[in-house]
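A.B. asks: Please find one structure pasted underneath; my questions will follow.
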Amino acid sequence: MKKIYGIAVIVFLAGLCYAAEPVVQAPLTANPTYWSWAKTPPMGWNSWDCFGTTLTEEQAKAQADAMEKYLKPYGWTYFTVDIQWYEPDSQGHSYRRGARLEMDEYSRLIPALKKFPSSSNGRGFKPLADYVHAKGLKFGIHIMRGIPKQAVRDNTAILGTDARAADIANTRSTCPWNPDMYGVDMSKSGAQAYYDSLFELYASWGVDFVKVDDIARPYDEVQKAEIEAIRKAIDKTGRPIVLSLSPGDTPIERGQHVMNHANMWRISDDFWDRWQPLYGMFGRLEKWTRYRAEGAWPDADMLPFGIVEFNRPTRFTPDEQKTCMTLWCIARSPLILGADMTRMDDATLGLLTNPEVLAVNQASTNNRQIKNENDLIVWAADSPDGRDRYVGLFNAQSNDNPFDLSKPDFISRRLSGQPKAQVIEISIPIRNARRLVLAVKDGGNGSDYDHAAWIEPVLSGPKGTLKLTDLDWILATAGWGAVHKHRTVDG
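So the sequence shown is numbered by the working numbering: it starts at 1 and just counts up by one.
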C-alpha cells in the first residue's frame, strides 16, 4: 500500500498584519458582461467521472434530486450532462467510430430518445432542464467543437442560410480522441450561422452552462476562430450561458485570449484520482495566477471523490482528498464534482460542504502561491475586506512511486505509428527476481495522445509460459482512468 505525505491545512489568520503582496494580473483588454455570469468560481456536478457516455434521464433526475438535498444548500448549483447524450447506444468511457447519432434537419445534435425519452417531439433537453431548474439548480451540457461528420455525409442544411454542412466543414480539423466531428471553417459563409443556430437551440432548452470540448488543446488559429464564433453565438442569444473550454492544458500563451472569451478553461488533461496529477496541479495553478479574474477562472478539472467510474470508490486517500479540495479552493478553481451523488458517504459530504473552506473558494482575493521549498508549499489569499488572511499549508512530499525507473534492465526500441500490435521480446535473466516492473514512457514526438496497451504479456521459460495477468500485482497505474484487465484504452 502506498503511503502519501500530502496534508493540507487552511489557516484563518484574522487581523494578521503582514504585507499582502498583490498578484500581478495580466492586462485586461475587456471587462465583458458575461464575466458577471460567473463572478465566483462555478460549483456543480458533471456526469463524466461516474457515468461516462451513458447517462440516462432517469439517472440524471436521481442525481439532481441528490444534489438538491445534499449540496445545493452549500452553493453547488450547476448540473451538467456530459458527452454522447446524442448517441443512443454509447458505452462506458469510450467512443464508437461510425455510430449513428441523433440529429435534426439543421445539422444539430439532439438528445437520444432512448436515453432521454422526454426529449420527444422536438422538445430536446427542455423538459430535463425544467426539472433541474425546479430544484433551484442550473442546467448544463457538454458539446464537441465543430459539426457532426454525419451531417457532412448527409449534407444537411444550416438554419437560416443556403449553406449545407459540407460547405462549412473543415475536414482537416478533427479530434484525435473522439470520432464524431469535423471542425468548422469560420471563413465560410454559413459558419457563424451554424454556431448561432446551435446556441439559439440550447437557449430555447434553458441551458445555463456549456462545456465545449476539443477546443482548448491545441489552441491554434482554427480553435481560436471557433472560440470567437461561440462567444458571439452565446452573446446573440441574450441568455447568460456560462462558457467552459476543454480539454487542457490550455497554452499559457493564450491566456489573454481565453480569459477574454470564456468563463473557465481547463489547465490540465482529464484529472483523475492519482497523486502525480494532483502534485502537478500545484505548479499549474501557480502558473495561471495572473490570468485569474472575477468571471474568468483557470479550471483544475473535476473532483474525483466518492464513487466514480460507475461503481468504484475514489483511489485518493483521505489526506489526498483534503489536499485536492484545499488547493482547488485557495486557488479559486471551479469546483465540479464527478461522484455518484446518490451514494455519498459522510466523509465525502463533509469535505464538500465545509463552509469555511468553500468561503475561501467563493469569496477570497489576491490568491497566490507564497513559497515552494522542497515541496513544502504555502498559498495565501485575502478576505474580501482585506482585514483577514487565509493561508494554505501543503506538505506535497511523497514516496508515491516505490520503484526506481531510472536504471532499467531493458529498454525497447521506440514504437511509432498506429500499429495494431507490435511484439516486444524482453530477454533478461529473472532468476531469483522478486519484482518485475513494466513501464511505458512518452516517445518524445510531442503527441499528447501516446498510449500503449499490454496485450497478453507472458513470462517464458524452460517450463513454459505464465501470463502476467495471472500474477498478483503490487501496483498498477494508468495515465488516464483506472487500470483494467482484458480491455484496451478505447474500451
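Note that CB positions come from ideal geometry on N, CA and C, so glycine has one too. Predicted model, so just to flag it, every value in this text is computed and none were measured.
Can you name, in chain order, every residue of its own chain whose Cβ lies under 7 angstroms from the Cβ of Ala14, other than the five neighbours on each side?
C.D. replies: For Ala14, the predicted model reports a pLDDT of 48, less than 50, meaning its position is unreliable; a value from the coordinates is still stated below. Here the set comprises Asp388.
A.B. asks: Using 8 angstroms as the Cβ pair cut-off and three pairs as the minimum, do the stretch 351 to 363 and the stretch 234 to 241 touch?
C.D. replies: No: fewer than three Cβ pairs fall under 8 angstroms.
A.B. asks: If you follow the beta strand (DSSP E) that His142 is part of, which residue opens it and which one closes it?
C.D. replies: Lys138 to Met144
A.B. asks: Counting along the chain, where does the beta strand (DSSP E) carrying Gly392 start and finish?
C.D. replies: Asp388 to Asn395
A.B. asks: Going along the chain, which residues of its own chain have a beta-carbon closer than 6 angstroms to the beta-carbon of Phe316, five neighbours each way excluded?
C.D. replies: Asp273
A.B. asks: For Ser333, tell me which candidate among Asp196, Ser364 and Ala300 has the shortest Cα-Cα distance.
C.D. replies: Ala300
A.B. asks: Consult DSSP for Asp472 and reduce its assignment to one of helix, strand or coil.
C.D. replies: Asp472 falls in the coil class under three-state DSSP.
A.B. asks: So, are the CB atoms of Arg266 and Leu245 less than 8 angstroms apart?
C.D. replies: yes
A.B. asks: Mapping DSSP to helix, strand and coil, what is Thr477?
C.D. replies: coil
A.B. asks: What is the rounded straight-line gap between the Cα of Pro111 and the Cα of Asn432?
C.D. replies: Near 58 angstroms, if we compare the C-alpha coordinates of Asn432 and Pro111.
A.B. asks: Checking the sheet assignment: what are the DSSP bridge partners for Tyr78?
C.D. replies: Gly44 and Lys138
A.B. asks: State the start and end residues of the unbroken beta strand (DSSP E) segment that holds Met181.
C.D. replies: Met181 to Val184
A.B. asks: Report the rounded CA-to-CA distance for Pro318 versus Arg284, giving the unit in angstroms.
C.D. replies: 22 angstroms
A.B. asks: Using the C-alpha atoms, what's the distance from Asp89 back to Arg97?
C.D. replies: 12 angstroms
A.B. asks: Who are the Cβ neighbours of Ile428 in its own chain at under 6 angstroms, not counting the five residues just before and after it?
C.D. replies: Excluding residues within five positions, the ones whose Cβ falls inside 6 angstroms are Asp409 and Phe410.
A.B. asks: Per DSSP, Met103 is paired with what?
C.D. replies: Leu109
A.B. asks: Quick one: Cα of Thr501 to Cα of Ile426, how far?
C.D. replies: This structure does not reach residue 501, given that the chain is present from 1 up to 491, and the question cannot be answered.
A.B. asks: Less than 8 angstroms between C-beta atoms, sequence neighbours within five positions excluded: which residues of the same chain meet that for His484?
C.D. replies: none
A.B. asks: Are there 16 or more other CB atoms within 10 angstroms of the CB of Trp85, so buried, or fewer, so exposed?
C.D. replies: buried
A.B. asks: Per DSSP, what kind of secondary structure is Phe199 in: helix, strand or coil?
C.D. replies: helix
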